[in-house]
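To get our numbering, take the position in the sequence shown, counting from 1, and add 12.
For each residue, glycine too, the CB sits at the ideal point set by N, CA and C.
Here the structure is a predicted model, which means the values were calculated and not measured.
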Amino acid sequence: MKKIDYETHLSTKNFVEAKARLHPQPAGGPAGKSPFDMTLEERVDLMDRYEVQTQIVSCGGGLEELDRETALYVAKTANDEFAEMAVKYPGRFLGYATLVPQDIDASLRELERCHDDLGFPAWNTHTNFTDTYIDDDQYYPLLELAAKLDMFVYLHPGPPAIDRLNGYGTMLNMGLGYHVDTAITMTRLICKGVFDRLPNLKMMMGHYGETMPFMLDRMDSMAVQGEASTLVRKGNECNLHSMDYYFKHNIYVTTSGNFSKAAFICTRERLGMDHILFGTDFPIESYERTMAFLRTMEMTEEEMESLYFRNSQRVFGI
């Protein structure tokens, strides 16, 4: 069964070199070839093995660490490289726009170029840029343009800017902090009225919605108690509808990097199969592990088709 993979990553040579100058690695790293070193031919062979028709690829985060000119160069060349991949392998690759958060005007121009000239369907952004968040008002014009261009926005976890997570390794950071940070960011976007002002804006979250399907009923319950019951009618600074409404109209989730049966069942029950799309987080996670997990989930043929490609066609035209 063909599949559209909504979360894959490819760090371009310019990106890797620019980040390496900031964070030099000690000599003598781990032996063996990393999946990040895979050639395009090897990547396509792997896709064929797992019946993946198309990967939507994104570059890594952290451009805000680079100086402005370097970041702009890295972003532009990454976008050009993704577009060249799409030409070399028709139908196999699409690109997520790579933008530079420290230059909003340049990012607006680049997002438009990615749509008009390169044919990208979306922008992949991280939740935070070290000291600012995508829900900050300064980034609203980027979300506004994405909605105008009918490009969806993939909200990818970034290293959480929360001091209390420091010092406890991956357990609190990648294990929990990334997901909580993303859930809080999406909630702030909702509560600030972004989707009310941009009702056509579509956003996507990985990991079965970053804990949010589990919490939606609780959040909506709290929103109608006490003084909070008046906030949903104030507009601009709070959402006009329930949390459930935005997940039914604006927000979609993917399977990327979460191998919990409970998470799958909760998300399917709470959001419905028509709001879940296939994503792997490749090459951070493997196709082998992802597909082995999904094969253990009890799905009808119709549900599998929805997950792997029909939702993609229906919602995003891909």
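Requested in this report: Write down every uninterrupted run of the beta strand (DSSP E) in the segment 182-267 whose length is 3 residues or greater and which is fully enclosed by it, in chain order.
Outcome: 215-217 and 263-266
Requested in this report: For R280, count neighbouring C-beta atoms within 10 Å of its own C-beta (all shown protein chains included) and say buried if the count is 16 or more, exposed if not.
Outcome: Counting the other CB atoms within 10 Å of its CB gives R280 a total of 16 or more, which places it among the buried residues.
Query - Closest Cα partner of P225 within the set E313, F276 and D57 - result: F276
Query - Per-residue burial, Q37 [other beta carbons within 10 Å of its own, 16 or more giving buried] - result: Around the CB of Q37, fewer than 16 other CB atoms lie within 10 Å, so the residue is classed as exposed.
**Report entry** contact_flag[the segment 97-115, the segment 123-141] where n(CB pairs < 8 Å) is 3 or more
**Finding:** Flag = yes, the segment 97-115 and the segment 123-141 touch.
Report task. Would you be able to state if there are at least three C-beta pairs under 8 Å between the segment 154-161 and the segment 187-196? Result -> no
Requested in this report: Please report how far the alpha carbon of T51 lies from the alpha carbon of K100, in whole angstroms.
Outcome: Looking at the two C-alpha atoms, the distance is approximately 13 Å.
Query raised in the report: For H21, which residues does DSSP report across the bridge?
Result: S70
Query raised in the report: Measuring CA to CA, which of P133, M183, S254 and A118 is closest to G205?
Result: S254
Requested in this report: Measure from the alpha carbon of I116 to the alpha carbon of each residue in P102, T144, R104 and E96, then state which is nearest.
Outcome: T144
Query raised in the report: For the candidate residues M59, S23 and H35, whose alpha-carbon lies nearest to that of S298?
Result: M59
Query raised in the report: By the 10 Å Cβ neighbour count, where 16 or more other Cβ atoms means buried, how is Q67 classified, buried or exposed?
Result: Around the beta carbon of Q67, 16 or more other beta carbons sit within 10 angstroms, so the residue counts as buried.
Query - Cut-off 7 Å between Cβ atoms - residues of its own chain near F27, not counting five sequence neighbours on either side - result: C71, G72, V86 and A90
Query raised in the report: What's the gap between the Cα of T139 and the Cα of P171?
Result: 8 Å
Report task. Keeping to the same chain, check which residues put their C-beta closer than 8 Å to that of V69; ignore five residues upstream and five downstream. Result -> Excluding sequence neighbours, V69 sits near T20, H21, L22, F94, M97, F105, L106, G107 and Y108.
Requested in this report: Might you give, ordered along the chain, the residues of its own chain that have their beta carbon closer than 6 Å to the beta carbon of E239, omitting 5 neighbours on each side?
Outcome: Interpretation of E239 is limited by its pLDDT of 49, a score under 50 that renders its predicted location unreliable; the figure taken from the coordinates is listed afterwards. Cβ within range, chain order: n/a, list empty.
Query - Cβ neighbours of L78 in the same chain (closer than 6 Å, five flanking residues each side left out) - result: A30
Query raised in the report: Between P169 and T194, is the Cβ-Cβ spacing less than 8 Å?
Result: Cβ distance < 8 Å, so P169 and T194 count as in contact.
Query raised in the report: In chain order, what residues of the same chain lie with their CB nearer than 8 Å to the CB of R80, ignoring the 5 residues before and after it?
Result: Answer for R80: V112, Q114 and D115, listed in chain order.
Report task. Output the boundary residues of the alpha helix (DSSP H) element that contains N136. Result -> Run containing N136: none in the alpha helix (DSSP H); it sits in the beta strand (DSSP E), A134 to H138.
Report task. Please state whether DSSP places H168 in a helix, a strand or coil. Result -> Strand.
**Report entry** Whole-angstrom distance between A32 and S272, CA atom to CA atom
**Finding:** 34 Å
Query raised in the report: Just the Cα atoms here: how many angstroms apart are R322 and F294?
Result: 21 Å
Query raised in the report: Using the C-alpha atoms, what's the distance from M316 back to Y62?
Result: Taking the straight line from one Cα to the other gives about 14 Å.
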